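K.L.:
Just passing along the structure, written as C-alpha cells.
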Amino acid sequence: MARIGLVAHDDRKDDMATWVKAHQDKLSQHELFATGTTGSRIVAATGLSVSLLKSGPLGGDQQLGAMIAEGRLDVLVFFIDPLSAQPHDVDVKALTRLATLYDVLFACNKITADAVLNAV
1 MARIGLVAHD
11 DRKDDMATWV
21 KAHQDKLSQH
31 ELFATGTTGS
41 RIVAATGLSV
51 SLLKSGPLGG
61 DQQLGAMIAE
71 GRLDVLVFFI
81 DPLSAQPHDV
91 DVKALTRLAT
101 LYDVLFACNK
111 ITADAVLNAV
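If you want it as C-alpha cells, here you go:
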C-alpha cells in the first residue's frame, strides 16, 4: 500500500477529481492524503477515504512537504496550473523541491499520474 498525496491548483481541481474517479478502484487500495479543498472535491466525486490536510495556501502544501521529509509519503500527484500565477508560489516550489530531493514518485499532470499510479 502506497501513501499518496494529492493536490491541485484551483483551475485543475476538476481535472484531479475526474482523474481520481477514473482510477478509483486502484486508488482505493492506497492511503490517500490531500490538501483541504482538493481532498473535499475528491471525496464528493468518489466517496473515497482521504485524510484531509489544510488548504494549500493555509499550510497544506507544507504539510505534504513535511510528510515527504519525514518519509511518510511515497507518491505526490500535484496537478499544477502552469498558466496562472499562484499567490503561494513559494510553497509550491518548496513542495516540488522536496519531492525531487527525496526521490518521491512525482506527477504533475494526468499522463505522468497514470504512469506513476501504474508503478505503485
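In UniProt numbering, the protein residues as written are 1 to 120. Positions of the beta carbon are idealized from the N, C-alpha and C atoms, including for glycine. Since we're looking at a predicted model, the values are computed, not measured.
Excluding the 5 residues flanking Leu-105 on each side, which residues of the same chain have their C-beta closer than 6 Å to its C-beta?
P.N.:
Here the set comprises Val-75, Val-116.
K.L.:
Does Ile-42 come out as helix, strand or coil in the three-state DSSP assignment?
P.N.:
Ile-42 falls in the helix class under three-state DSSP.
K.L.:
The alpha helix (DSSP H) with Gly-60 in it runs from where to where?
P.N.:
Residues 60-69.
K.L.:
Which word fits Thr-37, buried or exposed, when buried means at least 16 other C-beta atoms lie within 10 angstroms of its C-beta?
P.N.:
Answer is buried; the Cβ neighbour count reaches 16.
K.L.:
For the beta strand (DSSP E) holding Ile-80, just list the boundary residues, first then last.
P.N.:
Counting along the chain, Ile-80 falls outside any beta strand (DSSP E), and DSSP gives it neither H nor E.
K.L.:
Do you know whose CA, among Ala-2, Met-1, Val-7, lies nearest Leu-64's CA?
P.N.:
Taking only the C-alpha atoms, the option nearest Leu-64 is Val-7.
K.L.:
Mapping DSSP to helix, strand and coil, what is Val-50?
P.N.:
Val-50 falls in the strand class under three-state DSSP.
K.L.:
Apart from the five residues on each side of it in sequence, which residues of its chain come closer than 6 Å, Cβ to Cβ, to Arg-41?
P.N.:
So the qualifying residues of the chain are Lys-13, Ala-17.
K.L.:
Which value, in whole angstroms, describes the spacing of the CA atoms of Gly-47 and Pro-57?
P.N.:
Spanning the two alpha carbons is a distance of roughly 24 Å.
K.L.:
Helix, strand or coil, according to DSSP, for Leu-73 in the structure here?
P.N.:
Residue state, collapsed to three classes: coil.
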